[in-house]
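Here is the structure we will look at.
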Amino acid sequence: MTQQVAARPLKFYGDGISYLTRLESKGSLIVVEGPDGSGRSSQIDLITSHLEAAGHAVITTGLKRSELIGSGILEAKHKLPLGKKTLALFYAADFADQLEHKIIPALHAGYVVLADRYIYTLMARSSVRGIPRSWSHDLFGFAIKPDLVFYLDVPPEELFHRVFQKYGSLDYYESGADMGLSDDLYESFILYQRGIAKEFRVMEAKYGILRIDGGRGIPEVNAELQKRIDGYLRSLR
Amino acid sequence: MAKEASGGRAYKGKLIVVEGIDGSGKSTQLHLLDKWLRSLGLNVFFTEWNSSDVVKEITSKGKKKALLTPTTFSLLHATDFADRYERNISPLLEAGYFVLADRYIYTALARDVVRGCTSSWVRKVYSFAAAPDTAFYFRVPPDIAMDRILEGRPKLKYYEAGMDLNLSNDEYESYRIFQTRIVEQYESMVKKDRFAVIDGTLDIEEQQNLMRRQVSRLLPPSKGRAPIELSKMQEAGPP
Numbered sequence: 399m400t401q402q403v404a405a406r407p408l409k410f411y412g413d414g415i416s417y418l419t420r421l422e423s424k425g426s427l428i429v430v431e432g433p434d435g436s437g438r439s440s441q442i443d444l445i446t447s448h449l450e451a452a453g454h455a456v457i458t459t460g461l462k463r464s465e466l467i468g469s470g471i472l473e474a475k476h477k478l479p480l481g482k483k484t485l486a487l488f489y490a491a492d493f494a495d496q497l498e499h500k501i502i503p504a505l506h507a508g509y510v511v512l513a514d515r516y517i518y519t520l521m522a523r524s525s526v527r528g529i530p531r532s533w534s535h536d537l538f539g540f541a542i543k544p545d546l547v548f549y550l551d552v553p554p555e556e557l558f559h560r561v562f563q564k565y566g567s568l569d570y571y572e573s574g575a576d577m578g579l580s581d582d583l584y585e586s587f588i589l590y591q592r593g594i595a596k597e598f599r600v601m602e603a604k605y606g607i608l609r610i611d612g613g614r615g616i617p618e619v620n621a622e623l624q625k626r627i628d629g630y631l632r633s634l635r
Numbered sequence: 187m188a189k190e191a192s193g194g195r196a197y198k199g200k201l202i203v204v205e206g207i208d209g210s211g212k213s214t215q216l217h218l219l220d221k222w223l224r225s226l227g228l229n230v231f232f233t234e235w236n237s238s239d240v241v242k243e244i245t246s247k248g249k250k251k252a253l254l255t256p257t258t259f260s261l262l263h264a265t266d267f268a269d270r271y272e273r274n275i276s277p278l279l280e281a282g283y284f285v286l287a288d289r290y291i292y293t294a295l296a297r298d299v300v301r302g303c304t305s306s307w308v309r310k311v312y313s314f315a316a317a318p319d320t321a322f323y324f325r326v327p328p329d330i331a332m333d334r335i336l337e338g339r340p341k342l343k344y345y346e347a348g349m350d351l352n353l354s355n356d357e358y359e360s361y362r363i364f365q366t367r368i369v370e371q372y373e374s375m376v377k378k379d380r381f382a383v384i385d386g387t388l389d390i391e392e393q394q395n396l397m398r399r400q401v402s403r404l405l406p407p408s409k410g411r412a413p414i415e416l417s418k419m420q421e422a423g424p425p
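From first to last, the protein sequence lines are chains G and X.
For the first sequence, our numbering begins at 399 and goes up steadily by one.
For the second sequence, our numbering begins at 187 and goes up steadily by one.
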């Protein structure tokens, strides 16, 4: 069984959420970042089982649409594609909703929160589309600094094969098809994923993101992640 | 020339903004200014706060479930603004239009700060928006403005009345406290954001003449000596 972990103050990237009164965490926020096909969800499943077996209460969260905003409201209202900043703000609103209604309460209650992507993916997507990095950083000034952030790094050529094998086709946005990079979808995908990977390298030091070689097999990657997570959780006691 | 607030690129067009609480008379005045500028043959575009359905739909949904936090509330309004900004305001300023905005980023600043967001964060979120060439602020004693609105005992919307702030269980009382706090926020911006303050208790025509005098400085030289008196405009106006 796990021991009770002492409450620690929540840390934010900027001004934080000034109207909140309970600003402590008894849990841990662990983020797994990486493109589609990098093995994020497999790893999160394995980590969840492992932590639960060790007696931790685990909750997972992702960038999927929250209950509040629902699916497609914004898209349905417009025939034209949405602007870059409009989309960035819309996703930020959705993230804020999950942060305040799910992540923060879970941290108060002592859960290990496993986040399947976090603000870094949103910032990387904005940056490759020309939005200034400083603006995105300021926008997410209300976001909590996670305890651990992993980035599963997989070469774009390898990602392409994995995505194709799994889904049989490429996702529109994950291929950067909205950006007009290339008429050829393969080329567009490679260029876009390279751009995203570059953004993660730029963010690495600033946000303490740990790059993990995701090109290996699932067990190897999991062994490394689990070792780091266990080490971190032990350090809390 | 309108510039991005961050000091970015300059536009050919002009951005004119009106701000003030409900009942301050700002919309009436902007409407008259709109008529005048059009009568001079200028390209004019008029835009309102929350004019897209997106936020309306989400806020009414959020209201039923009492789900909207100040941060999500702020970001949803910023989304709505960004949509209008990227779709209309920015390209039309680029094209040389007179863009008239009934409420602009200062409305967001005032409301979000009253709800508990920090003003530094809200300003950063909206830093992509062009600074107006002129921002008129209609100063009216809150009681007068609220009497104008509340006279007919209208049905106030949940967020409009500031009911999410738990100021009072009575929606009219909540509305009054909320509006008074909004006025405090506006007053704190007057100097920093160089508001052109209009005394909203003056006669409608008097206020309009003050506005036109100010705006005439922004007109192209050929239109610079245009008649600015309200009565003359009506004679010269299009049918």
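Note that the Cβ used here is the ideal one computed from N, Cα and C, for glycine as well.
Remember, predicted model here, so these are calculated numbers, not experimental data.
Problem - Residue range of the alpha helix (DSSP H) that includes E373(X) - result: From DSSP, the alpha helix (DSSP H) with E373(X) extends over 357-375.
Problem - chain X residues whose Cβ lies nearer than 8 Å to that of S416(G) - result: The contacting residues are G302, C303, T304.
Problem - V383(X) - containing beta strand (DSSP E), residue span - result: Run containing V383(X): 382-385, per the beta strand (DSSP E) assignment.
Problem - Within 8 Å, strictly: CB atoms of Y283(X) and F231(X) - result: Note that the C-beta distance between Y283(X) and F231(X) is below 8 Å.
Exercise for the section: Mind checking which residues open and close the alpha helix (DSSP H) that includes E280(X)? Expected result: In the DSSP assignment, E280(X) falls within the alpha helix (DSSP H) that extends over 276-280.
Problem - Cβ of L461(G) within 8 Å of any chain X Cβ - result: Cβ-Cβ to chain X under 8 Å: no for L461(G).
Exercise for the section: Determine, using beta carbons only, whether D576(G) comes closer than 8 Å to chain X. Expected result: Chain X, which has no Cβ nearer than 8 Å to the Cβ of D576(G), makes this no.
Practice task
Can you give me, in chain order, the residues of the segment 538-555 of chain G that have a beta carbon less than 7 Å from any beta carbon in chain X?
Solution key: The segment 538-555 of chain G vs chain X, Cβ under 7 Å: G539, F540.
Problem - Nearest to R309(X) (by Cα), restricted to the options V300(X), K212(X), T214(X), I291(X) - result: When only C-alpha atoms are compared, the closest one is I291(X).
Exercise for the section: Just the C-alpha distance for I610(G) and V456(G), rounded to the nearest angstrom, thanks. Expected result: One C-alpha to the other measures close to 22 Å.
Problem - Partners in chain X for K424(G), counting only beta-carbon separations shorter than 7 Å - result: Result: empty, since nearest Cβ-Cβ is about 21 Å, beyond 7 Å.
Exercise for the section: Can you tell me which of I502(G), K564(G), G528(G) puts its alpha carbon nearest to the alpha carbon of K424(G)? Expected result: Nearest C-alpha to K424(G): I502(G).
Problem - Any C-beta of chain X under 8 Å from that of G566(G) - result: It does not: the Cβ of G566(G) has no partner Cβ on chain X nearer than 8 Å.
Problem - Buried or exposed by the 16-neighbour rule on C-beta atoms within 10 Å, applied to S426(G) - result: For S426(G), the number of other beta carbons within 10 angstroms of its own is at least 16, and it is reported as buried.
Handout entry: Assigned secondary structure, A474(G) (DSSP; H/G/I helix, E/B strand, else coil)
Key = Because the pLDDT at A474(G) is just 49, under 50, the model does not fix this residue reliably, and the value given afterwards should be weighed accordingly. Looking at A474(G) - three-state DSSP - the assignment turns out to be helix.
Exercise for the section: Note down the Cα distance separating A621(G) from F267(X), rounded to an integer number of angstroms. Expected result: Distance between the alpha carbons of A621(G) and F267(X) is about 46 Å.
Practice task
For A490(G), go through chain X and note every residue whose CB falls closer than 7 Å to its CB, in chain order.
Solution key: Chain-order list of chain X residues neighbouring A490(G): L261, by C-beta distance under 7 Å.
Exercise for the section: Within its chain, find whatever has a CB closer than 7 Å to the CB of Q445(G); leave out the 5 residues flanking it on each side and keep chain order. Expected result: Sequence check: residue 445(G) is Ile here, not Gln. Listed in chain order, the non-local C-beta contacts of I445(G) below 7 Å within the same chain comprise L512, L623, Q624, I627, local neighbours out to five positions each way being set aside.
Handout entry: C-beta atoms of F324(X) and G199(X) nearer than 8 Å
Key = No, Cβ-Cβ distance for F324(X) and G199(X) is not below 8 Å.
Handout entry: Proximal chain G residues relative to P256(X), where beta-carbon distance stays under 7 Å
Key = Correct list: Y417.
Practice task
Would you list the one or two residues that DSSP bridges to V511(G)?
Solution key: According to DSSP, V511(G) bridges with L427(G), I457(G).
Practice task
Please check if any C-beta of chain G sits within less than 8 Å of the C-beta of F231(X).
Solution key: The beta-carbon of F231(X) is placed no less than 8 Å from the nearest beta-carbon of chain G.
Handout entry: Contact list for T484(G) against chain X, beta-carbon separation under 7 Å
Key = Simply T265, A268, D269, E272.
Handout entry: Three-state secondary structure assigned by DSSP to Y283(X)
Key = In the structure shown, Y283(X) sits in coil (DSSP, three-state: anything other than H, G, I, E or B).
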